[in-house]
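Below is one structure, written out as structure tokens, with a few remarks after it.
Residue numbers (my numbering): 1 to 225.
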């Protein structure tokens, strides 16, 4: 379903030096597969997810979703493709402090085509997703009123709003205590069992064990472990 061909990415350091983050990355993820990507901090895990999600371009190589190459899409078409096909769970949840739980979940729907927004009654759907994740009494709570685990579940609900086939999760269990880690892992496994394709960047060996397959980034290279 997702294929990377010879993907490379560099960034410019504050001193102006080019720093190579990813080199000649080849990988494939099958439909419905749950894959964990491990690696030390700064190894390029988040960069890899952002490239696969179309948030970053490649310096070399290509990202394919089936027969569709992200590299050939205009920015407008890439934004629409991402909105309709990919759900993001960002590191640290990345909720907007000025919005309550329901309105944070609604954000991806704001960029959906108008017909889809009306058809799906997305505000109702946002509330339903939060209820399904055990937050029925937190719908109107703001991020500062939520625990880390509750914020993470709001972030998961937001990722699911447009019913994406693909979930990209960046450190979804970071900073959580063991019971909340287990809760998030259980949610991710449940999404995988529904047939969603999942790629998870993580330091957490519990998450890695729950995945169908594990990859590791080190020195810009990706390998199976």
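Backbone N, C-alpha and C define an ideal beta-carbon position, used for all residues, glycine too. Keep in mind the model is a prediction, meaning the values are calculated, not measured.
{"Check": "When 59, 54, 100 are compared against residue 81, the one with the closest alpha-carbon", "Outcome": "54"}
{"Check": "First through last residue of the beta strand (DSSP E) which encompasses residue 72", "Outcome": "That residue, residue 72, is in no beta strand (DSSP E); it is neither H nor E in DSSP."}
{"Check": "Residue of 18, 202, 87, 60 minimising C-alpha distance to residue 109", "Outcome": "87"}
{"Check": "Which listed residue (14, 64, 76, 18) has its alpha carbon closest to that of residue 276", "Outcome": "The requested residue 276 is not part of the displayed model; the chain covers only 1 to 225."}
{"Check": "Nearest-angstrom beta carbon gap, residue 21 and residue 10 [assumed within contact, 8 Å]", "Outcome": "6 Å"}
{"Check": "Among 225, 217, 165, the one whose alpha carbon lies nearest that of residue 47", "Outcome": "217"}
{"Check": "Residue 137 beta carbon near the ligand HEM (any heavy atom closer than 7 Å)", "Outcome": "With respect to the ligand HEM, the structure shown offers nothing to examine, as it has no ligands at all."}
{"Check": "Which residues DSSP lists as bridging residue 12, in chain order", "Outcome": "18"}
{"Check": "Nearest-angstrom Cα separation, counted from residue 135 out to residue 145", "Outcome": "13 Å"}
{"Check": "Per DSSP, cross-strand counterpart(s) of residue 5", "Outcome": "62"}
{"Check": "Where the beta strand (DSSP E) through residue 47 begins and ends", "Outcome": "Note, residue 47: premise wrong, no beta strand (DSSP E); alpha helix (DSSP H) at 45-52."}
{"Check": "Coarse secondary structure for residue 259, derived from DSSP in three states", "Outcome": "In the structure as shown, the chain begins at 1 and stops at 225. Residue 259 is therefore absent and cannot be evaluated."}
{"Check": "CB contact flag (residue 166, residue 197, <8 Å)", "Outcome": "yes"}
{"Check": "Start-to-end residues for the alpha helix (DSSP H) that takes in residue 223", "Outcome": "Where residue 223 is concerned, there is no enclosing alpha helix (DSSP H), although the beta strand (DSSP E) it sits in stretches over 221-224."}
{"Check": "Residue 130 - containing beta strand (DSSP E), residue span", "Outcome": "No beta strand (DSSP E) contains residue 130, which is instead part of the alpha helix (DSSP H) from 122-132."}
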